[in-house]
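A quick write-up on the structure given underneath.
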Amino acid sequence: MDNNIQVLVDNFVKQVVATVEAAAARRVQAAVSVALGAGSAISAPRRRGRPAKASYLPAAAAFAPGKHRPKQLCPVPGCTGVAAPVFGMVCSKHKDMSKALIKKYRARRRAAKAAG
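The numbers in numbering that gives the first Met the number 0 rise by one with no breaks, and the one at position 30 of the sequence shown is 29.
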């Protein structure tokens with residue numbers, strides 16, 4: 000009787016191990032095929048919403064090395080500090096200045112830029 004139970008347990012364990020190994024092999028195969036681009040439309044589930052940028056932009060447009068926005072400087076005349084949104088787009092030295100005065104400096108800078 001002990002021998003019969005042992006045979007049943009051994010067969011069950013072999014079946015479980017074979018099933019787990021097969022599932023792991025399928026997952027690895029799917030991951031490799033998606034990583035290599037083969038069958039990504041078939042094996043990867045479709046998601047709702049807007050696709051990721053990398054999937055619809057050309058490779059050159061996704062990364063533009065060397066193109067940075069120029070730093071925005073403080074609008075106060077003579078100041079060379081960098082403006083920051085946390086200070087209301089003025090530098091840290093002029094963050095306590097009145098908004099009306101800053102608005103006047105910006106208008107004056109725009110007028111000077113348009114004139115010359």
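We treat Cβ as the ideally placed atom computed from N, Cα and C, and that holds for glycine.
Our two residues, residue 4 and residue 35, have alpha carbons roughly 47 Å apart in a direct line. DSSP, reduced to helix, strand and coil, places residue 81 within a strand of the structure shown. Under DSSP, residue 89 shares a beta bridge with 83. When DSSP reads this structure, residue 72 sits in a beta bridge with 81.
DSSP places residue 66 outside both helix and strand once states are collapsed to three, so it counts as coil.
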